[in-house]
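Below is one structure; the comments refer to it alone.
Protein chains in written order, with the UniProt record's numbering: chain P, 1 to 410; chain H, 1 to 410; chain C, 1 to 410; chain S, 1 to 410.
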């Protein structure tokens with residue numbers, strides 16, 4: 001057993017930390033000031049400072065770190081990338097700076113692993129270069145998407161074409177001025193077994209029949225410039241070569257995509273929790289009431305201790321899940337992946353809530369990033385499967401393991 | 001012991017419920033559409049539908065129900081008004097419709113109880129008539145306002161004038177187009193004992209030296225048209241007759257103001273919790289996943305049961321606190337008032353969070369009122385004293401009571 | 001609404017409190033010293049001090065207070081008796097002193113309400129007089145008794161006889177030297193609808209075929225002199241007149257028995273919680289560490305505040321449930337009865353656990369009653385239906401109520 | 001990063017698991033039957049089966065595994081021993097079988113590391129051989145022992161003798177028929193700085209002036225044959241050579257002793273939690289109510305998932321703490337050691353409580369080990385420092401680390 005990061009990971013941690021401190025932290029306010037602030041997403045713009053930061057990050061070799069495929073990205077294992085994802089979670093703008101932001105990172109993984117050479121050339125290359133953005137269209141407004149088999153959108157094969165119909169929402173990033181395409185998931189083989197019914201299709205955002213209906217608020221925030229969109233697809237006709245891997249293989253791709261993606265999300269959530277805790281500690285030691293710094297009052301010190309314990313545990317479990325994926329594959333890590341998906345967002349939500357409380361009213365305002373950290377964590381308890389679905393899976397796997405142990409007489 | 005509402009209260013409950021169902025529920029969307037939606041609070045407007053509803057409510061005798069002074073308001077006891085406040089908590093627009101919304105209700109109470117006849121004629125009458133709105137300026141950005149003695153703003157007596165200086169924030173309602181004045185709290189007698197140092201001063205919003213600096217976001221929401229403002233006061237010179245009760249009596253007034261105000265807030269929070277629970281139940285019984293309504297899955301039914309228990313208990317405790325104020329005065333109810341202040345907002349926050357989870361992504365969006373219910377509850381854990389201060393007071397009073405019981409040999 | 005106790009209840013509260021302080025508190029150690037301390041329940045004895053206390057309580061008019069039937073007992077309503085039950089919960093020996101201890105109180109209620117005159121003369125009279133004790137045999141070791149329809153024991157009607165077979169456990173009080181009979185529940189009408197299948201039968205403890213197999217430990221405690229027994233019934237042949245109300249009516253009786261019984265249990269649990277909190281406060285203010293009384297350290301004061309809030313809320317809900325039974329009947333109070341059954345024991349368990357923690361090692365030992373208070377609370381989360389069953393019922397009733405409200409357009 | 005056990009550890013895990021399954025599991029009932037069951041600790045006896053098991057374990061090379069000093073024990077690192085300690089936590093008799101039971105293991109560590117050759121020959125050798133047992137006398141009944149500087153017992157140096165006076169309790173193991181000596185801690189240098197005031201002294205149990213006053217109950221259990229004793233020391237006169245390391249060095253020794261000891265305790269607690277979870281799963285899948293196995297009802301599956309997550313996280317954190325001790329020393333691991341001390345016992349307590357609930361009444365009885373597992377966990381929240389002290393330390397270290405990070409501009 002060894003809890004130390006590898007030398008390569010350790011070196012990247014230090015470089016990334018320095019970059020975040022020297023380049024990103026001072027740029028956050030600039031970034032905010034360069035946004036349009038418009039309620040009309042069509043007016044949104046990409047802050048110039050972001051493009052400048054991206055160029056610097058790329059020059060510094062801090063680019064596409066998330067991608068394990070050495071041909072395309074940094075070739076880091078999940079356990080080596082995890083602490084970098086955590087660091088990026090400290091700042092909302094950091095993931096894009098390093099070209100590691102969802103859902104593009106997931107889409108790049110899919111294309112790197114499952115895309116044909118032609119698909120990679122057309123769709124992957126500009127993403128890898130940070131020249132375009134993309135979205136992922138899976139969740140639907142009309143059904144409980146926690147059960148993926150509820151999906152109603154269709155990707156009907158007609159000759160050498162595929163025709164998309166349906167309505168999707170929570171398509172993150174679709175409002176970004178650079179967004180060029182989406183990966184659409186829909187039923188292609190309605191008569192196949194439930195997990196062989198769907199296709200993933202590459203769909204340009206400007207294809208006829210694609211309409212971005214509106215951007216959704218998250219706790220009253222539109223999340224410029226990425227946004228979370230509701231999109232309709234009406235008889236969107238595309239060449240069949242836009243299907244990834246082929247009809248009926250959507251779930252297979254989704255499975256492969258989700259394991260590492262959850263590591264990334266959870267590690268960023270842990271970074272968010274650390275940022276909240278740091279803000280909490282600063283405020284609690286610098287504000288006074290009743291003649292004492294807040295940290296000395298009531299159970300405030302216990303809150304710090306409880307958060308430290310919760311974060312530390314969540315991090316270790318996430319790292320173990322990453323290690324399991326690296327060494328034994330996604331399937332062997334299924335329980336742990338679901339475990340971190342339940343735990344990490346809750347820890348981040350709790351840390352943000354506790355930090356708000358110590359900050360008083362200021363904590364709820366835009367003077368601090370706590371409301372945004374909170375919203376990020378809260379969304380994550382629903383995105384990529386709600387807690388309830390993951391808990392159910394953990395219990396199922398646990399009972400199976402216990403039964404096996406009992407039969408083995410252990 | 002009798003847990004039934006009085007006949008008068010019961011009759012008002014029924015009339016109010018009907019009004020909310022028939023008049024307010026259908027008006028909510030109209031109201032939202034008539035807001036400016038502007039990020040610049042100077043563009044905000046009062047929706048016409050609100051004035052129409054106010055007229056109807058007044059005509060229906062559902063007006064100023066909160067005010068126990070029979071000359072000015074309905075003359076209901078706290079325990080009789082409490083269930084009405086709860087009902088109003090179901091809709092964000094309801095309190096204003098019935099002229100029972102904070103902070104105007106608190107300001108009206110102060111003026112009705114402590115205002116001179118001249119003050120009542122000038123400032124109270126238009127509030128009672130619903131013709132103007134007001135704000136309350138107590139919390140300050142520069143210090144931890146959980147400790148009221150931290151207050152730095154000053155209300156200096158100079159001859160027959162009082163001069164206001166300082167910076168306040170979280171002045172709710174100050175962005176409202178109808179807002180005409182604030183009650184300002186500041187140090188008037190710096191050398192007096194800590195709780196006899198402050199004055200409450202009536203200050204017109206257009207007095208020279210008053211500047212509304214900005215509106216604060218709460219979870220990214222500006223809360224049009226009321227808003228939560230940051231305001232600066234620079235040598236605002238007012239006649240000394242604008243001081244309520246006289247210099248040094250600010251805390252005395254604040255104490256009297258806060259008891260019933262907390263009952264109102266807590267009952268509204270309970271109403272908010274009930275609304276969240278109702279939404280949760282509707283969604284959980286009408287959406288299906290894995291072949292079953294959500295309510296049948298995992299621990300979802302337990303969540304319903306747990307919320308029912310939590311809400312029921314919070315309501316009973318709030319009603320008891322109201323009854324204690326009515327029968328034995330605010331001082332005898334101090335522990336119970338602090339108890340509900342800790343409990344009711346937490347229950348509402350928890351109910352909104354649970355309802356969000358059942359709604360999936362939709363629950364975070366503006367398609368449902370859950371994000372707003374959540375924010376209301378979250379704010380309330382800080383407003384009127386953060387949980388921590390109330391817990392400290394409850395513990396202090398408990399230890400005192402235990403000591404007394406021990407000495408009495410009980 | 002009125003949260004004050006009735007004059008009669010208030011007067012009894014004061015008399016009972018005085019009796020407990022003057023007579024019972026000093027007798028607790030004597031009582032403990034007069035127990036046999038034997039691991040063999042056949043050696044157990046009734047402490048002489050108990051009989052002396054019973055005589056005094058009876059002389060003081062503090063006797064059979066639980067029984068609402070005026071002919072037999074004090075004729076108090078549930079809401080009037082509730083605070084007396086709470087007070088009795090402060091001491092483990094108090095309920096028996098006042099002839100209000102379970103399961104005798106429940107058995108007396110059953111006999112007073114459903115017993116024939118002959119049954120009342122033979123079985124009820126000595127219980128009312130405190131001359132004998134009884135037990136209740138419902139739970140079975142072989143099945144999950146949370147589902148009462150799982151019951152396997154039989155009460156077969158053969159002519160004018162009834163024949164009992166089966167194995168029961170958790171028959172509290174069956175080890176008491178004064179225990180003379182049990183109420184046995186078993187299947188009498190196997191082909192009837194599920195809730196009309198069972199009979200309750202009065203069975204002398206010395207009837208041939210009745211064997212007390214052993215006493216069960218509860219957290220390693222045998223609970224002398226009452227005990228919790230496992231009992232087998234092998235062809236126990238009794239006259240059919242021993243059946244209460246008649247075959248098939250066992251569930252009907254159980255329903256009537258359980259409502260008030262749960263009020264009693266829950267109020268005693270609240271008394272137990274109050275005792276734990278009092279001990280906690282005493283210890284926390286009289287022991288010092290790091291130069292301060294424990295109460296000043298860390299989050300200890302918050303623990304006091306949190307317990308006060310939890311107890312207060314549990315009490316109010318229990319009183320409301322009692323009031324509902326009194327004014328609208330057990331059926332209308334079903335949700336509230338289940339709610340308190342979930343809440344009150346948990347509050348008591350939590351209070352005992354917190355008090356233990358403040359006491360350090362001493363809190364786990366027999367030097368303090370905390371381990372016993374804890375065990376009482378823990379048992380109560382299972383007895384009379386585990387939390388899970390009650391939660392399920394609360395949710396079911398809630399969903400029904402929400403549906404009704406929705407349909408009513410509220 | 002590597003989450004796999006070392007080859008040596010893995011091999012020992014498998015051997016130990018087999019031994020526990022084949023030898024210990026079947027011996028548990030025999031062991032219980034060979035105890036005296038007496039309330040008088042002087043009648044206690046060591047079950048013959050224990051000595052037989054010890055001989056087998058020693059022969060199998062599963063002996064003194066806890067001791068990192070290769071000359072004396074297995075020479076395993078903490079991180080290698082940790083999973084073995086966890087396995088031992090599954091059975092109450094296992095630690096003694098492998099000669100790894102507290103407090104002997106801690107005493108052996110102290111003697112191996114700090115004892116003089118003469119002390120090792122006389123006191124350590126028989127412990128290592130499993131021929132005698134020992135106790136540790138630190139906690140005192142008269143003061144809050146959470147603050148070690150409260151200690152009142154004295155170890156006064158008089159010439160070449162040391163004289164012990166004071167009263168100790170919670171001296172675990174002192175009731176064991178094989179117990180031969182205790183390590184006594186008392187004030188030797190009252191005028192030195194607080195952490196250089198105490199001495200640890202080896203004291204034979206039969207030294208004149210040593211009186212074992214009584215055995216303490218833990219949740220009504222006396223814990224035969226080890227027991228938890230209260231002991232008085234009255235002018236116990238011993239040669240000064242019985243002092244370990246010398247006067248004033250007691251705290252220094254205690255610090256060294258406690259780090260690994262807490263790893264052991266916490267890993268055993270995790271083993272206890274796993275046993276409780278396994279029992280829970282078995283019961284929940286084999287008992288039925290309302291026509292379904294319990295696991296299908298209400299939130300029961302969520303309980304399994306939540307426990308799995310809690311246990312997994314506690315284990316990883318404990319392993320990391322062990323790894324930190326191994327690689328960077330106890331001091332660098334201080335926060336993590338305190339963290340696991342708070343977390344692991346709570347997880348075990350929660351697992352035992354949840355398992356009890358699923359077992360119904362049976363879970364509280366001696367038919368299942370749950371009450372004992374529960375008590376073990378509950379004790380552990382107080383032993384070796386209560387949660388509160390550890391939380392305080394974690395917060396202190398966290399604030400120091402945050403401050404350092406802030407100053408470093410991170």
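Idealized CB from N, CA, C, for every residue including glycine.
Expressed to the nearest angstrom, what Euclidean distance is found between the alpha-carbon atoms of residue i and residue j?
| i | j | result |
| --- | --- | --- |
| residue 126 of chain S | residue 41 of chain S | 23 Å |
| residue 273 of chain H | residue 99 of chain H | 22 Å |
| residue 54 of chain C | residue 97 of chain C | 5 Å |
| residue 290 of chain H | residue 144 of chain P | 9 Å |
| residue 262 of chain H | residue 150 of chain S | 44 Å |
| residue 282 of chain P | residue 400 of chain S | 11 Å |
| residue 2 of chain C | residue 266 of chain C | 21 Å |
| residue 398 of chain P | residue 304 of chain H | 26 Å |
| residue 219 of chain C | residue 36 of chain S | 19 Å |
| residue 81 of chain S | residue 88 of chain P | 36 Å |
Buried or exposed: residue i, going by 16 or more other Cβ atoms within 10 Å of its Cβ?
| i | result |
| --- | --- |
| residue 268 of chain H | buried |
| residue 354 of chain C | buried |
| residue 314 of chain H | buried |
| residue 172 of chain P | buried |
| residue 234 of chain H | exposed |
So residue i is in the alpha helix (DSSP H); what residue range does that whole segment cover?
| i | result |
| --- | --- |
| residue 9 of chain S | 7-19 |
| residue 26 of chain H | 25-34 |
| residue 200 of chain P | From DSSP, residue 200 of chain P is part of no alpha helix (DSSP H) but of the beta strand (DSSP E) over 198-204. |
| residue 275 of chain P | 250-286 |
| residue 389 of chain H | 387-407 |
Where does the unbroken beta strand (DSSP E) through residue i begin, and where does it stop?
| i | result |
| --- | --- |
| residue 167 of chain C | 161-172 |
Considering only heavy atoms of the ligand PLP, does any lie closer than 6 Å to the CB of residue i?
| i | result |
| --- | --- |
| residue 161 of chain P | In the structure on display, the ligand PLP does not appear, and there are no ligands present to speak of. |
Proximal residues, the region 292-313 of chain P versus chain C, C-beta separation under 7 Å: 298, 299, 301 and 302
Can you give me, in chain order, the residues of the region 395-406 of chain P that have a beta carbon less than 8 Å from any beta carbon in chain S? 395, 396, 398, 399, 402, 403, 405 and 406
Using a Cβ-Cβ cutoff of 7 Å, what residues of the UniProt domain "Acyl-CoA oxidase/dehydrogenase middle" (135-235) of chain S are near chain P? List them in chain order. none
According to a CB-to-CB cut-off of less than 7 Å, which residues of the region 269-291 of chain H neighbour chain P? 287, 288, 289 and 290
Counting only Cβ-Cβ distances shorter than 9 Å, please list the residues of the region 369-392 of chain C near chain S, keeping chain order. 371, 372, 374, 375, 378, 379, 381, 382, 383, 386, 387, 388, 389, 391 and 392
Alpha helix (DSSP H) runs contained entirely in the region 37-61 of chain H, provided each spans 4 or more residues: 48-59
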